[in-house]
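For the protein sequence lines, the chains are A and B, in the order given.
According to my numbering, the first sequence holds residues 26 to 319 in order.
According to my numbering, the second sequence holds residues 269 to 592 in order.
Where is the CB? At the ideal position from N, CA and C, for every residue including glycine.
Predicted model only: the values in this text are computed from it and were never measured.
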Amino acid sequence: MPSIEASKATSPRVALRSLDTLWFQVAGTVCNLACTHCFVSSSPTNRTHEFLSLEAILPYLEEAVILGVKELYFTGGEPFLNPEMETILERALRVGPTTVLTNGLLLDPERCRRLSRLAEKTDYSLDFRVSMDGYSPETNDPIRGEGTFERILRGVSNLVEAGLNPVITVTEVYEDNGSASGKERFFELLRDLGVAKPRLKVLPVFQIGAEAERSGAYEAWQRLRDSDTLDEGWSHLQCSSCRMVTDQGVWVCPILVNEPRGKMGQALADTLEPFALEHPACWTCHVYGVSCKT
Amino acid sequence: MSDAESGKLTTHRGMATWGERLVPLEKFRQATTSLGRRLSDDERRAEQRDFLGRERDATPVESPYSRVVVFGGVYNNHLALEAVLDAAHKHGAEAVYCLGDLGGFGPSPEKVWPLLLEGDVRTLQGNYEASLATGREDCNCGYTDPRDNHFATLSYRYTSEHCSSDFKRWMGDLPLRRRIRVGQRELLLVHGSPRQINEFLFHSTSPVSFLEVLLNQESCDGLLCTHTGLHWHRRLPSGRDVVNVGVIGRPANDGQPGVWYAMLEARDGDLGVELLPLEYDHVSLAREMLQQGLPQEFIDTIRHGWWTTCLEILPARERAKSRY
């Protein structure tokens with residue numbers, strides 16, 4: 026693979042229009058699963074990024090308010106491994122609408138009831154995204170781990186029982202997952218589970234981290250060049266309106282946290298300048314029109 | 269658990285993922301410590317100021333009013349349009365504004381045009397008008413759910429085919445924003461948001477700090493918008509108001525056939541904001557829709573007040589209150 030340095034000279038640069046979406050790598054790269062397609066290679070022993078404490082998050086929330094943030098997202102790893110997670114959510118919801126990306130395994134009935142009370146208490150939306158990669162154990166479990174299909178469905182049921190309706194997030198590890206008929210199968214699965222208003226989001230895979238081992242890394246040609254710039258600019262890319270906070274500072278986006286050069290600064294104010302789209306994963310966002318947000 | 273799987277659970281002990289490689293954790297941490305900017309407090313304040321600063325647009329401010337009526341989303345509903353113009357007259361409104369989205373959903377698009385002209389309705393361009401005037405293939409709402417897309421395409425095509433090219437040209441000339449003064453307050457009128465014609469500003473996803481920054485950037489004392497189909501009002505800690513005036517074209521997904529509009533008036537130096545329900549002859553509209561061969565799903569919404577399509581756009585909180 027050609028070095029990032031070599032491609033930097035010709036890479037287009039994307040300006041931050043506004044800070045609409047602020048992400049927190051709240052569980053670091055620590056997860057109770059080790060999915061074979063995880064672009065940040067999260068696992069029980071991956072401490073590349075550590076948990077974010079409430080204390081570490083608060084100054085970022087204050088700064089986000091000054092910058093006019095529109096929405097907050099929490100991901101990992103598995104966010105609910107963070108012992109402070111529910112307190113963090115309570116504080117986040119004072120600032121704006123909040124979404125948690127979870128694998129659903131730690132969503133027991135009691136926690137779901139607490140989350141539901143939290144959702145009712147605030148003026149802003151509290152939303153959940155539960156990941157699933159196939160509509161059967163045979164397709165899901167080889168990616169996410171043995172027995173996970175059943176456990177994910179239980180988590181989803183518990184949320185729904187508590188009055189929370191998560192968005193099921195599916196990656197295109199199987200091409201069919203994103204097709205109209207694939208989507209319909211997920212909708213059916215959810216309806217069978219008693220979800221009256223099923224919600225779904227499909228994302229492409231990023232050929233980095235564990236996924237690079239599973240299906241191969243990016244090819245040298247999968248890079249953005251200045252000539253790729255559209256007339257309307259780069260506003261379709263989430264990095265034109267987001268930043269990501271980890272325990273080690275502020276990164277450009279949720280995808281590049283394991284790439285030290287994705288780090289832009291320590292405080293949000295350090296990261297308001299343009300970012301060079303030199304990483305092959307930037308190519309995926311552009312070509313597939315990806316936005317990590319819901 | 270397979271060997272490969274259990275291996276995955278432990279491979280990271282003491283190691284970090286750096287791109288495609290595994291490196292000792294310390295090496296990754298050292299690399300990230302030295303990367304990125306670390307500005308002084310003064311520099312940070314200056315960066316924030318530069319980032320947030322905007323030049324004021326040249327939109328002229330329309331004459332000082334003491335009372336106006338503002339509505340959005342006609343969606344071909346000429347009967348509700350007649351009703352809201354009657355209501356505006358009864359309220360003694362000095363001017364009537366429409367924030368765009370004239371077409372889609374309802375029957376016979378051409379019927380709204382003379383009403384807008386005769387009623388002297390000052391109309392903004394919505395994403396529907398922008399799409400129709402430029403010959404776009406869809407309404408540019410950005411749906412991804414195949415079912416939502418199906419219905420959105422259906423109603424867009426119907427409107428496009430039943431609109432004269434004169435009407436479309438007129439739509440293309442409509443302004444994207446207006447400024448009006450109501451009493452002491454200068455209000456900015458847009459379709460979606462000041463930033464984007466098709467940005468959704470829902471109550472549960474438009475936080476106070478976001479709106480304060482937006483209003484600072486636009487140098488206005490209040491913001492009026494539509495596009496979501498759901499009306500709301502938020503008075504900000506700064507005392508300014510943000511009002512989504514809702515739509516008169518279809519009910520607000522609340523199980524009632526009535527629709528909503530806004531009245532704004534000067535009240536002792538303050539701004540009075542009222543979101544008002546509007547009854548109209550929805551039974552006749554449903555009959556016309558049936559005659560025009562429009563989908564039963566749309567007719568049900570007009571009759572019963574619950575949305576049956578385009579639900580994907582709703583945030584968690586608004587969706588939870590929805591029947592479908």
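Listed from N- to C-terminal order along the chain, which residues in the segment 545-577 of chain B have their beta-carbon within a distance smaller than 7 angstroms of any beta-carbon of chain A? none
Do THR309 (chain A) and VAL275 (chain A) have their CB atoms nearer than 8 angstroms? no
Could you give the distance in angstroms between the alpha-carbon of GLN524 (chain B) and the alpha-carbon of ASP549 (chain B)? 13 angstroms
Residue from A:TYR199, A:CYS307, A:ALA294 and A:THR319 with nearest C-alpha to GLY651 (chain B): Nothing about residue 651 (chain B) can be read from this structure; chain B reaches only from 269 to 592.
Rounded to a whole number of angstroms, what is the C-alpha to C-alpha distance between GLU288 (chain B) and LYS208 (chain A)? For GLU288 (chain B) and LYS208 (chain A), the distance between alpha carbons rounds to 31 angstroms.
Just to confirm the assignment, what range does the beta strand (DSSP E) spanning ALA205 (chain A) have? First-last for ALA205 (chain A): 205-217, but that is the alpha helix (DSSP H), not the beta strand (DSSP E).
Are the Cβ atoms of LEU97 (chain A) and THR127 (chain A) separated by less than 8 angstroms? no
Below 8 angstroms, how does it come out for the segment 134-152 of chain A and the segment 168-177 of chain A: are there three or more Cβ pairs, yes or no? no
Within chain A, the residues that TRP286 (chain B) reaches when beta carbons sit closer than 9 angstroms: THR73, ASN283, GLU284 and PRO285
8 angstroms Cβ cutoff, ILE168 (chain A) in contact with chain B: no
C-beta contact flag for VAL541 (chain B) and ALA530 (chain B) at 8 angstroms: yes
Candidates B:ALA355, B:ASP568 and B:ASN344, of which the one nearest GLY368 (chain B) by Cα: Among B:ALA355, B:ASP568 and B:ASN344, the Cα nearest to that of GLY368 (chain B) is on B:ASN344.
Please work out which residues of its chain come closer than 8 angstroms, Cβ to Cβ, to SER266 (chain A), disregarding the five sequence neighbours upstream and downstream, and give them in chain order. LEU41, ARG42, SER43, LEU44, ASP45, THR46 and SER260
Please list the partners that LEU92 (chain A) has in chain B, where partner means a Cβ-to-Cβ separation under 8 angstroms. Those within 8 angstroms of LEU92 (chain A) in chain B are GLN316, PHE319, LEU320 and VAL481.
Which residues, in chain order, does the segment 133-155 of chain A contribute to contact with chain B at a C-beta distance below 9 angstroms? ALA144, THR147, ASP148, TYR149, SER150, LEU151, ASP152 and PHE153
Nearest-angstrom Cα separation, counted from ILE448 (chain B) out to SER477 (chain B): 24 angstroms
Give a yes or no on whether the minimum CB-CB distance between ASP217 (chain A) and chain B is below 8 angstroms. no
In this structure, what does DSSP give as the bridge partners for TRP276 (chain A)? Its beta-bridge partners are A:MET269 and A:LYS288.
Buried or exposed by the 16-neighbour rule on C-beta atoms within 10 Å, applied to LEU151 (chain A): Residue environment: LEU151 (chain A) is assigned as buried (16 or more neighbouring CB atoms within 10 Å of its CB, all protein chains considered).
May I ask you to report which of helix, strand or coil DSSP gives ARG283 (chain B)? Per the sequence shown, the amino acid found at residue 283 (chain B) is Met instead of Arg. The answer is strand: DSSP assigns MET283 (chain B) an E or B state.
Own chain partners of ALA39 (chain A) with C-beta closer than 7 angstroms, once the 5 adjacent residues on each side are dropped: Note that residue 39 (chain A) is Val in the sequence shown here, rather than Ala. Counting only Cβ-Cβ distances below 7 angstroms, and skipping sequence neighbours, we find TRP259, LEU262, CYS264, SER265, PRO299, PHE300 and LEU302.
Taking just the CA atoms, how far does GLY440 (chain B) sit from GLU429 (chain B)? 16 angstroms
Opening and closing residue of the alpha helix (DSSP H) in which GLY440 (chain B) lies: DSSP places GLY440 (chain B) in the uninterrupted alpha helix (DSSP H) bounded by 433-440.
For the beta strand (DSSP E) that contains CYS493 (chain B), what are its first and last residues? 490-493
Indicate whether the contact test is met: 3 or more Cβ pairs, each with one atom in the segment 182-198 of chain A and one in the segment 373-390 of chain B, closer than 8 angstroms. no
Does the beta-carbon distance from VAL513 (chain B) to THR496 (chain B) come in below 8 angstroms? no
Just to confirm my understanding: we take ASN57 (chain A), look at its own chain, exclude 5 residues before and 5 after, and list those with CB closer than 8 angstroms. What are they? Leaving aside the five residues that flank ASN57 (chain A) on each side, the residues in its chain whose CB is nearer than 8 angstroms to its CB run, in chain order, PRO69, GLU103, LEU106, ASN128, LEU130 and LEU131.
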